[in-house]
Amino acid sequence: MGDIRPNRAKEKLANGGTVTCIQGGPMPASMVDLVGPLGFDAVWLEAEHGDVDYGDIPDLTRACDLWGMASLVRANRIEPGIIYRTLDVGATGIVVPHVNTADDAREVVEAAKFHPIGHRGFFSGRQSYGVDDFVGQANDQSLLVVMIEDVIAVENLDEMLTVDHIDVFFVAPGDLGQSMGIPSMSDPRVLKVVDETLARIVAAGKVAGGVGGADRAKQYVEMGVQFIGTNWNPWLGAGAAEFMGAVR
Numbered sequence: 328m329g330d331i332r333p334n335r336a337k338e339k340l341a342n343g344g345t346v347t348c349i350q351g352g353p354m355p356a357s358m359v360d361l362v363g364p365l366g367f368d369a370v371w372l373e374a375e376h377g378d379v380d381y382g383d384i385p386d387l388t389r390a391c392d393l394w395g396m397a398s399l400v401r402a403n404r405i406e407p408g409i410i411y412r413t414l415d416v417g418a419t420g421i422v423v424p425h426v427n428t429a430d431d432a433r434e435v436v437e438a439a440k441f442h443p444i445g446h447r448g449f450f451s452g453r454q455s456y457g458v459d460d461f462v463g464q465a466n467d468q469s470l471l472v473v474m475i476e477d478v479i480a481v482e483n484l485d486e487m488l489t490v491d492h493i494d495v496f497f498v499a500p501g502d503l504g505q506s507m508g509i510p511s512m513s514d515p516r517v518l519k520v521v522d523e524t525l526a527r528i529v530a531a532g533k534v535a536g537g538v539g540g541a542d543r544a545k546q547y548v549e550m551g552v553q554f555i556g557t558n559w560n561p562w563l564g565a566g567a568a569e570f571m572g573a574v575r
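Note that our numbering gives residue 445 to position 118 of the sequence shown, counting from 1, and the numbers run on in steps of one.
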């Protein structure tokens, strides 16, 4: 018997470091193996918009375990059964979209953490095998990410930031822009709200999260953002364009 697998992303945040997370779709286990040696701390597995289902999560998270990366699954809504089942089948973290109030954030904690922190349904699951005190260790190691992606969430942010046990407050420009009536991730008006929201999270002493490419990542680091996601899809497009240009 021993300890639960350490959550590299959680530990890095606890030590004041910056976590890198790769996302994009599709992300089969073979793709996780492909990106495993690249040095990312976490993999974002897409179960809100993508094709990830409960039956996929065990093998996807095993691949993440193999490379020492945290496995973060984005659920499709705030629903206790969805949240704790996702953790039961092997995810080491949960990403929850459209968290708009402090009560929403507390509901995420209630679903994802065992007693005495929350009321996660009592079940051991894959990550518990061979582990002493799984309940306590799971509470310590599970990573909770809530997504700030609606105007109402920005308005309620100060109260939301008082909720304990949320590891990352992730500001997502896509749906935030839509809620502003601006269906664009890159519109200056949207980016202004994103940056102001990130600054408020950092000023409150909480971990802010954002997504973008290399240039945006540099800005994030300067702003004190500690959780930085990036999408691999543009890399494929850029590489293909360079190759096709060379051939032509």
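Glycine included, C-beta positions come from ideal geometry on N, C-alpha and C.
Residue(s) in a DSSP beta bridge with residue i
{"i": "Arg348", "result": "The question names Arg, yet the displayed sequence has Cys at residue 348. DSSP lists Ala369, Gly556 as partners of Cys348."}
{"i": "Leu471", "result": "Ile421"}
{"i": "Val495", "result": "Val472"}
{"i": "Gly458", "result": "Strictly speaking, residue 458 in this sequence is Val, with Gly absent from that position. Bridge partners of Val458: Gly329."}
{"i": "Ser398", "result": "Val370"}
{"i": "Gly536", "result": "Phe497, Phe554"}
Pair within 7 angstroms by beta-carbon distance, residue i and residue j
{"i": "Val588", "j": "Phe441", "result": "Residue 588 lies beyond the stretch modelled for the chain, which goes from 328 to 575, so this question has no answer here."}
{"i": "Ala374", "j": "Cys348", "result": "no"}
{"i": "Phe497", "j": "Met474", "result": "yes"}
{"i": "Met354", "j": "Leu365", "result": "no"}
{"i": "Gln468", "j": "Lys339", "result": "no"}
{"i": "Ala499", "j": "Glu476", "result": "yes"}
{"i": "Ala356", "j": "Asp380", "result": "no"}
{"i": "Met507", "j": "Val478", "result": "yes"}
{"i": "Val534", "j": "Val495", "result": "yes"}
{"i": "Ile405", "j": "Asp378", "result": "no"}
{"i": "Val426", "j": "Thr413", "result": "no"}
Straight-line Cα distance separating residue j from residue i
{"i": "Thr388", "j": "Ser398", "result": "6 angstroms"}
{"i": "Val436", "j": "Leu518", "result": "29 angstroms"}
{"i": "Val490", "j": "Ala429", "result": "7 angstroms"}
{"i": "Gly532", "j": "Asn334", "result": "21 angstroms"}
{"i": "Trp394", "j": "Met487", "result": "33 angstroms"}
{"i": "Ile331", "j": "Ile409", "result": "22 angstroms"}
{"i": "Gly363", "j": "Ser455", "result": "23 angstroms"}
{"i": "Ala565", "j": "Ala544", "result": "18 angstroms"}
{"i": "Tyr411", "j": "Ala568", "result": "42 angstroms"}
{"i": "Gly457", "j": "Gly572", "result": "53 angstroms"}
{"i": "Phe570", "j": "Ile384", "result": "34 angstroms"}
{"i": "Pro407", "j": "Gln464", "result": "20 angstroms"}
{"i": "Gly448", "j": "His376", "result": "25 angstroms"}
{"i": "Gly540", "j": "Asn560", "result": "11 angstroms"}
{"i": "Gln546", "j": "His492", "result": "26 angstroms"}
{"i": "Arg575", "j": "Gly536", "result": "40 angstroms"}
Expected contact under 8 angstroms - CB spacing of residue i and residue j to nearest Å
{"i": "Asp459", "j": "Gly329", "result": "7 angstroms"}
{"i": "Val472", "j": "Gly420", "result": "6 angstroms"}
{"i": "Val529", "j": "Gly556", "result": "Rounded, the Cβ-Cβ distance is 16 angstroms, inconsistent with contact."}
{"i": "Val481", "j": "Leu525", "result": "Going by Cβ atoms, the distance from Val481 to Leu525 rounds to 11 angstroms, so no, they are not a contact pair."}
{"i": "Asn483", "j": "Gln350", "result": "At roughly 26 angstroms, the Cβ-Cβ gap does not stay under 8 angstroms, so Asn483 and Gln350 are not in contact."}
Same chain, Cβ closer than 6 angstroms to residue i, neighbours up to 5 away in sequence not counted
{"i": "Asn466", "result": "Lys440, Phe441, Ile444"}
{"i": "Asp415", "result": "Phe450, Gly452"}
{"i": "Asn403", "result": "Glu375"}
Other residues of its chain near residue i: CB distance less than 8 angstroms, five sequence neighbours each side excluded
{"i": "Val548", "result": "Thr345, Ile555"}
{"i": "Arg433", "result": "Val490"}
{"i": "Asp360", "result": "Ala390, Leu393, Trp394"}
{"i": "Gly501", "result": "Glu476, Met512"}
{"i": "Gly352", "result": "Glu373, His376, Gly377, Asp378, Asn560"}
{"i": "Asp542", "result": "none"}
Close-in-space but distant-in-sequence residues of the same chain around residue i (CB under 7 angstroms, 5 per side omitted)
{"i": "His446", "result": "Glu437"}
{"i": "Ala527", "result": "Residue 527 is actually Arg in this sequence, not Ala. Hits under 7 angstroms: Leu484."}
{"i": "Gly504", "result": "Pro510, Ser511, Met512, Asp514, Val517"}
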